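Before any comments, here is the structure.
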Amino acid sequence: MTDPRRRLPAVEALLAEPDVAALLAAHPRSLVLRAVRETIDVARANGGTAPPEGWGRAVLAKVRRLAAPSFGPVINAAGVVLHTNLGRAPLARPAIEAMARIAGAYSNLEYDLARGARGSRHGLCRGLLTELTGAEDALVVNNAASALLLALSGLARDGDAVVSRGELVEIGGAFRIPDIMARSGAKLVEVGTTNRTHPKDYEGAIGPATRLLLKVHRSNFRVTGFTSEVPARDIAAMARGAGIASLFDLGSGLLLDLSAWGLAGEPSVGEALASGVDAVVFSGDKLLGGPQAGILLGTKPAIDACRTDPLARAVRSDKFTLAALEATLALYRDPEIARREIPVLRMLTEDVTQIRRRAEALHKGVGKGSDVIEGESEVGGGSFPGKTLKTWLVQLTSDHLTSEVLAARLRATDPPVIVRIADDHVVLDPRTIFPDQIEQVARAVRAALDA
Ligand SMILES: *Cc1c(COP(=O)(O)O)cnc(C)c1O
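The numbering used here numbers the first residue of the sequence shown as 10 and each following residue consecutively.
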């Protein structure tokens with residue numbers, strides 16, 4: 010028997026088919042060509058069988074899919090407030106407006122308007138950061154991982170950096186503290202054990218080559234039982250005594266006290282600075298609720314060493330980030346405004362009766378096949394590890410669809426709705442569904458359940 014794959018049309022032949030040739034009138038040739046090639050590839054992978062809907066329709070469907078943007082908004086019904094896979098922090102309105110304002114225009118990104126001469130992007134956000142935190146100096150870079158890389162390079166290059174074995178954490182997405190340290194040019198010196206590290210462990214490791222003591226916040230896990238770690242305050246004092254630098258990787262940039270909302274235990278930026286370390290590093294898009302950024306705060310000499318390090322140019326932040334970060338930070342001048350206007354803070358501190366109201370509205374919109382149940386939301390994003398927040402969920406039940414199929418159908422809607430599966434049921438958490446999305450979600454759920 011002949012190999013059925015031999016019967017696959019050639020690219021040129023398929024392009025000449027009337028249905029496909031007609032597509033060329035309405036779509037760019039490169040797009041149609043790619044669609045034709047990929048349609049043939051799919052047929053080949055299926056053992057050489059022609060698409061059941063016919064070649065013309067298959068190519069048209071492919072063209073439509075390829076023409077649509079591959080990157081777009083989704084609805085987070087999973088109840089993880091800082092969901093790294095879903096882009097972490099949604100921005101506050103003023104931050105979005107600030108990005109839009111500079112996007113289509115020239116800007117004073119690196120231009121000193123007073124002098125009419127070249128300026129520095131590092132000056133942007135610096136004043137606001139020092140005003141809000143009391144730090145002597147500040148620097149914004151691409152993300153916290155690069156801020157850590159830069160700080161290690163600026164403060165400990167070609168020397169030893171001492172860190173506790175209990176703090177050699179992996180953040181996710183292949184980001185491991187020891188790997189970053191190796192690339193920074195600092196030599197990692199591990200002290201203590203996984204569960205316990207004492208001041209004498211650091212003291213014993215300090216030698217002529219030591220340039221830095223590093224403290225890393227265990228942001229995404231908790232150790233319990235027979236444990237002990239050295240607080241940042243003691244690490245800062247030991248470093249000062251030895252005439253070397255100290256650095257605190259804080260992970261999340263918590264600027265407000267959220268303990269009144271049941272969120273305690275995460276060190277704030279203020280506490281980290283008050284410990285007396287030379288520099289603190291944290292993310293812009295975790296608890297701070299701004300754009301992806303890495304923020305360095307600290308003493309003038311420490312931040313200067315980072316700013317003048319050659320790596321600073323490689324990890325600099327872009328103009329959209331700086332615009333969005335400045336607008337986000339400005340909201341923090343009034344903590345109550347920050348809590349209300351910054352979506353991450355609003356979602357984390359929202360009254361549970363409000364969430365219940367949205368759950369009831371969603372339940373009402375979906376009707377049959379849905380129930381309102383008690384449940385828990387997660388902070389996510391390596392913040393407040395192990396901490397959950399009381400919430401009200403809408404639980405779906407179907408007599409003909411598995412939870413996986415139902416979740417997949419919701420992901421296939423426009424915009425996609427991302428849900429959680431718990432106890433073999435699809436659940437939706439209104440904490441992370443914006444109020445103006447409830448109706449849309451209800452419609453998508455009804456369609457998915459009915460189809
Ligand atoms: C999240 C995190 C980082 C990395 O932050 P990015 O902004 O994602 O680069 C570094 N250190 C700690 C402790 C973290 O929690």
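Virtual Cβ for every residue (Gly too), placed ideally from N, Cα, C.
The structure presented is a predicted model; accordingly, all values stated were derived computationally and were not measured.
As assigned by DSSP and simplified to three states, the class of residue i
i	result
residue 257	strand
residue 28	helix
residue 207	coil
residue 36	coil
residue 129	coil
residue 80	coil
residue 459	helix
residue 372	helix
residue 301	coil
residue 362	helix
residue 280	helix
residue 215	coil
residue 71	helix
residue 231	coil
residue 17	coil
residue 422	coil
residue 94	helix
residue 184	coil
residue 157	helix
residue 437	strand
residue 274	coil
residue 402	strand
residue 384	strand
residue 268	helix
residue 316	helix
residue 23	helix
residue 342	coil
Exposure of residue i, with buried meaning 16 or more beta-carbon neighbours within 10 Å
i	result
residue 459	exposed
residue 1	There is simply no residue 1 to check, as the chain begins at 10 and stops at 460 in what is shown.
residue 439	buried
residue 372	buried
residue 446	buried
residue 211	buried
residue 341	buried
residue 236	exposed
residue 384	buried
residue 409	exposed
residue 167	exposed
residue 146	buried
residue 51	exposed
residue 33	exposed
residue 386	buried
residue 359	buried
Cα-Cα separation between residue i and residue j, rounded to whole angstroms
i	j	result
residue 293	residue 407	41 angstroms
residue 76	residue 70	10 angstroms
residue 111	residue 258	31 angstroms
residue 64	residue 332	48 angstroms
residue 289	residue 165	15 angstroms
residue 266	residue 277	7 angstroms
residue 326	residue 255	24 angstroms
residue 394	residue 274	9 angstroms
residue 317	residue 323	12 angstroms
residue 425	residue 302	26 angstroms
residue 452	residue 240	51 angstroms
residue 422	residue 414	13 angstroms
residue 91	residue 41	39 angstroms
residue 305	residue 244	18 angstroms
residue 30	residue 49	16 angstroms
residue 133	residue 335	8 angstroms
residue 310	residue 172	22 angstroms
residue 135	residue 24	57 angstroms
residue 418	residue 411	11 angstroms
residue 223	residue 101	33 angstroms
residue 199	residue 208	13 angstroms
residue 427	residue 270	26 angstroms
residue 127	residue 315	21 angstroms
residue 454	residue 382	17 angstroms
Rounded Cβ spacing between residue i and residue j (contact assumed at less than 8 angstroms)
i	j	result
residue 170	residue 220	7 angstroms
residue 246	residue 285	7 angstroms
residue 260	residue 163	Actually they do not touch by this definition, with Cβ atoms about 19 angstroms apart.
residue 351	residue 298	4 angstroms
residue 388	residue 396	6 angstroms
residue 398	residue 437	Their Cβ separation, rounded to whole angstroms, is 16 angstroms, which puts residue 398 and residue 437 out of contact at 8 angstroms.
residue 363	residue 380	Rounded, the Cβ-Cβ distance is 19 angstroms, inconsistent with contact.
residue 189	residue 177	Actually they do not touch by this definition, with Cβ atoms about 10 angstroms apart.
residue 192	residue 157	That pair is no contact at about 10 angstroms.
Within-9 angstroms CB hit, residue i to chain B
i	result
residue 216	In the structure shown, chain B cannot be found, because there is only a single protein chain.
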